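Written out below as structure tokens is the structure these notes cover.
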Amino acid sequence: MNAERRTLTAVYCLAGLLGLGALFVVFGATFGMSRYVYTRVDLVGFAVVILLAMGLAAFARAAPAALVDRVDRVRLDAFAPWRLAVAVIVLAVIGTHLVQHGYAFSMDEHMTRFQGAIFAEGRLAGEVPPEWREYGRAMCHVFVRYDPETGLVMSDYRPGMASLFAMFDLVGLGLYVSAFMTAGSVLLAAAVARRIWPERPDAAIVAALLVATSQQALAAATTSYAMSAHLCFNLAWIWLFLRGGRLGHGLAPFVGVATASLHQIHFHAFFALPFLLTFLRPLRPGLIAWYGAVYLAGHLAILGWDDFAMRSASETAQAAATGAADPLGRLLSRLAGFIRFPGPFELGTVTANIARFFAWQSLALVPLLVMLRRRAEWSPVMVLLAASIGTSLMPYPLLMPDQGHGWGYRYLHGLIGNFALLGAAGWVVLSKETGRAAARYRAVVLAALAATAFILVPMRAFQIERVAGAWAQAADFVASREAEVVVVDSHAIYYGHDLPRNDPFARNRPIAMDIRALPKDRIDALCGDYSVAFVSGEDVAGFGVPVFDPAESEETPADYPDWVARLTAPDCAAPPDG
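According to my numbering, the sequence shown is numbered sequentially starting from 116.
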């Protein structure tokens, strides 16, 4: 197959998938913040990616031979993995401030910082002081576990990512933990590739390049999501598993347990399943027993973390929790609430998210995957990597078809390494070919890497800043009110319930509250005890945050106008700023 036909195959595959994803969204797939980001970020991104892919096809067809030769002679060893890792850290640190404004756009990110701040105090749980406990639920997002009797608060997520944040923050680097995790992923992708192809150093560089130019990986590197750590730990687990022996198999299950502690417990289980099944043929009972024992003990500990932390933090909480702690039962109950038979919406939403995943990867990925079209090109390790991708997708049509906030498809973030290694396998196949057609296609791949780095990555930075920056400015506005309490009108502000953010020990001023969770019978007392600022939709609309008229929503309570009138009355409201 000549270079033009191969490139067209890649373009058709990519454009077809992106077009299918866009079509599903047009007909109603995705919802909430995921749909908001899809319509304002992803659809534009799809168009740009397809245009660039068409440009690659034109390059494959019409590029002068001299230009092709010049591109094909680019020395890959100039892109040493350690240099790429350093570049990732530099870009991510800059992006954390210039793109994300240092703001935790999603509550997933905020929960990392919230629980990390608790760990930094040497505590397992924060504590709302007695004077604020009547308002504690209005001060805490639904992702915060809150005990109104003791005032104890903690993140409702697993503790792993918050622990990493707290450790990095000991030296002032908490905001950059994902940057270092992504840089580690670049190095580990190269290390795994060297283990698979020890005689092909160029394969290691290509694997590292595909991670380093993944738009999704770079975007996540500027956030406090657990996803960058998932990617790093997954690649570390693969390296240990492939190494084998006492060291490899001795440490791999512990890395697996650490991975399960980061965010959602099922991510690692489905990722590792195909690899673990290799212990059945030939039967390896010792490894089955070892992995089984470590995984069982570790996962039970993770499941019981929140009950243990709350009981350990307070004797009162311990007494209240006695006999009620049933982490496995609670998990099964939550799963029962999530699980549904996948219908057209669920399948369409997952497909739309897979499309956005590919749109946020390196433009070189699909052209390299095209090289693996023949079964003979697939080694057993490549089959395992692909199977891991397949099993990782299994739960989403049933459990969580959509992701809420996120850049790309964050539920598959831990698989970027798998795709990078499969792309490296495609490079190995391509580099074995000789002749003008092979040289031209290699030039297409290198041009795709350059287009990703110099066109797509800056575009994504602009897009992310436009969205996340709006809520960052709104959050700054809330935190800067000259009052003791600020109440946010989440009935009028899109995702306004994300704006009230308080220290886990309520040391910040003003104390921020969500009007939806504010005890309505305590509004008079609140006004009598504190100066109160009210943040309406009009206050934040100028930042670019979507707002709407609560009167037009069926969810708005009938008493809503009375609440607003009381909170903005002269004897309640704080004096105007300035």
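The beta carbon of each residue, even a glycine, is placed where N, CA and C say it ideally should be.
None of these values were measured; they are calculated from a predicted model.
Closest Cα partner of residue i within the set the options
i: Leu279; options: Ala373, Pro245, Leu388 and Ile209; result: Ala373
i: Ala666; options: Asp604, Asp613, Leu633 and Ala621; result: Asp604
i: Val268; options: Pro573, Leu484, Ala648 and Asp422; result: Asp422
i: Ser494; options: Phe460, Gly251 and Gly541; result: Gly541
i: Pro316; options: Asp192, Phe592 and Val498; result: Asp192
i: Val140; options: Cys128, Leu398 and Arg155; result: Arg155
i: Ala565; options: Ala632, Val321, Ala470 and Trp405; result: Val321
i: Val214; options: Glu580, Gly611 and Ala563; result: Glu580
i: Leu537; options: Asp157, Ala319 and Pro244; result: Ala319
i: Ala590; options: Val481, Ala195 and Met222; result: Met222
i: Phe456; options: Leu487, Val481, Thr466 and Pro512; result: Pro512
i: Tyr153; options: Arg228, Arg273 and Gln578; result: Gln578
i: Ser339; options: Val126, Ala207 and Met425; result: Ala207
i: Ala673; options: Arg631, Arg637 and Phe658; result: Arg631
i: Asp694; options: Glu264, Ala277, Thr265 and Arg260; result: This structure does not reach residue 694, given that the chain is present from 116 up to 693, and the question cannot be answered.
i: Trp202; options: Ala568, Gly160 and Trp405; result: Per the sequence presented here, residue 202 reads as Ala, with Trp not at that position. That would be Ala568, whose Cα lies nearest to the Cα of Ala202.
i: His216; options: Tyr675, Pro625, Ala585 and Leu171; result: Ala585
i: Arg525; options: Phe620, Phe385, Ala341 and Gly241; result: Ala341
i: Val301; options: Arg309, Leu288, Ala181 and Cys347; result: Cys347
i: Gly170; options: Ala684, Val560 and Val660; result: Val560
i: Gly523; options: Met509, Ala177, Val465 and His256; result: Val465
i: Val496; options: Thr124, Arg358, Met486 and Phe663; result: Arg358
i: Trp405; options: Arg396, His364 and Leu377; result: His364
i: Gly519; options: Ala144, Leu123, Ala125 and Leu138; result: Ala144
For residue i, the first and last residue of its enclosing alpha helix (DSSP H)
i: Ile165; result: Leu158 to Ala177
i: Ala387; result: His381 to Leu392
i: Arg260; result: Arg260 -> not in any alpha helix (DSSP H); beta strand (DSSP E) instead, spanning Val259 to Tyr261.
i: Asp223; result: Met222 to Ala235
i: Asp317; result: Pro316 to Ala327
i: Asp591; result: Val572 to Ala594
i: Asp284; result: Gly275 to Asp284
i: Gln331; result: Gln330 to Ala335
i: Asp187; result: Ala180 to Asp187
i: Leu366; result: Gly360 to Ala375
i: Gly127; result: Reading the sequence as shown, one finds Tyr at residue 127 and not Gly. Ala118 to Val141 is the extent of the alpha helix (DSSP H) around Tyr127.
i: Tyr556; result: Arg551 to Ala566
Range of the contiguous beta strand (DSSP E) that encloses residue i
i: Arg417; result: The amino acid at residue 417 is misidentified as Arg; the sequence shows Ile. Segment Pro400 to Leu418 is the alpha helix (DSSP H) holding Ile417; no beta strand (DSSP E) there.
i: Leu706; result: Outside the displayed range of the chain (116 to 693) lies residue 706, so it cannot be described from this structure.
i: Ala648; result: Val647 to Val650
i: Ala627; result: Ile626 to Asp629
i: Val201; result: Where Val201 is concerned, there is no enclosing beta strand (DSSP E), although the alpha helix (DSSP H) it sits in stretches over Pro196 to Leu213.
i: Val601; result: Val600 to Val603
Where residue i falls, given that 16 or more other Cβ within 10 Å makes a residue buried
i: Ala432; result: At Ala432, the pLDDT of 47 sits below 50, so the modelled position is not reliable and the matter cannot be decided from this model.
i: Thr507; result: Checking the sequence, you will find Ser at residue 507 rather than Thr. By the neighbour-count rule (16 or more Cβ atoms within 10 Å), Ser507 is buried.
i: Arg596; result: buried
i: Leu199; result: buried
i: Leu614; result: buried
i: Met226; result: buried
i: Ala434; result: At Ala434, the pLDDT of 43 sits below 50, so the modelled position is not reliable and the matter cannot be decided from this model.
i: Glu548; result: exposed
i: Ala696; result: A query on residue 696 cannot be resolved here, the shown segment of the chain reaching from 116 to 693 and no further.
i: Gly438; result: Because the pLDDT at Gly438 is just 41, under 50, the model does not fix this residue reliably, and the point stays unresolved.
i: Phe592; result: buried
i: Trp197; result: exposed
i: Gly463; result: buried
i: Phe174; result: buried
i: Met296; result: buried
i: Leu392; result: exposed
i: His212; result: exposed
i: Gly458; result: exposed
i: Asn349; result: buried
CB contact check: residue i to chain C, cutoff 9 Å
i: Leu392; result: The chain labelled as chain C is not found in the depicted structure, where only one protein chain is given.
Counterpart residues of residue i in DSSP-defined beta bridges
i: Glu242; result: Leu267
i: Val679; result: Partner(s): none; Val679 has no beta bridge.
i: Leu395; result: Leu398
i: Ile608; result: Val662
i: Ala688; result: Val647
State whether the segment 468–484 contacts the segment 406–426, with contact taken as three or more CB pairs (one from each stretch) at a distance under 8 Å. Flag = no, the segment 468–484 and the segment 406–426 do not touch.
Could you tell me whether the segment 324–340 touches the segment 529–538, where touching means 3 or more Cβ pairs closer than 8 Å? Cβ pair count under 8 Å is three or more, so yes.
The segment 635–643 / the segment 276–296 touching (three or more Cβ pairs under 8 Å): With a cut-off of 8 Å on Cβ pairs, the segment 635–643 is not in contact with the segment 276–296, counting fewer than three such pairs.
Specify whether the segment 130–139 and the segment 159–173 touch according to this definition: at least 3 beta carbon pairs, one from each stretch, less than 8 Å apart. Of all C-beta pairs linking the segment 130–139 to the segment 159–173, three or more are shorter than 8 Å, placing the two stretches in contact.
Check whether the segment 645–654 and the segment 604–616 are in contact - that is, three or more C-beta pairs closer than 8 Å. Touching, per the Cβ criterion.
Assess, as a yes-or-no matter, whether the segment 456–471 is touched by the segment 347–366 under the definition of 3 or more beta carbon pairs within less than 8 Å. They do not touch, by the three-pair rule.
Would you call the segment 251–266 and the segment 302–315 touching, i.e. three or more CB-CB distances under 8 Å? No: fewer than three Cβ pairs fall under 8 Å.
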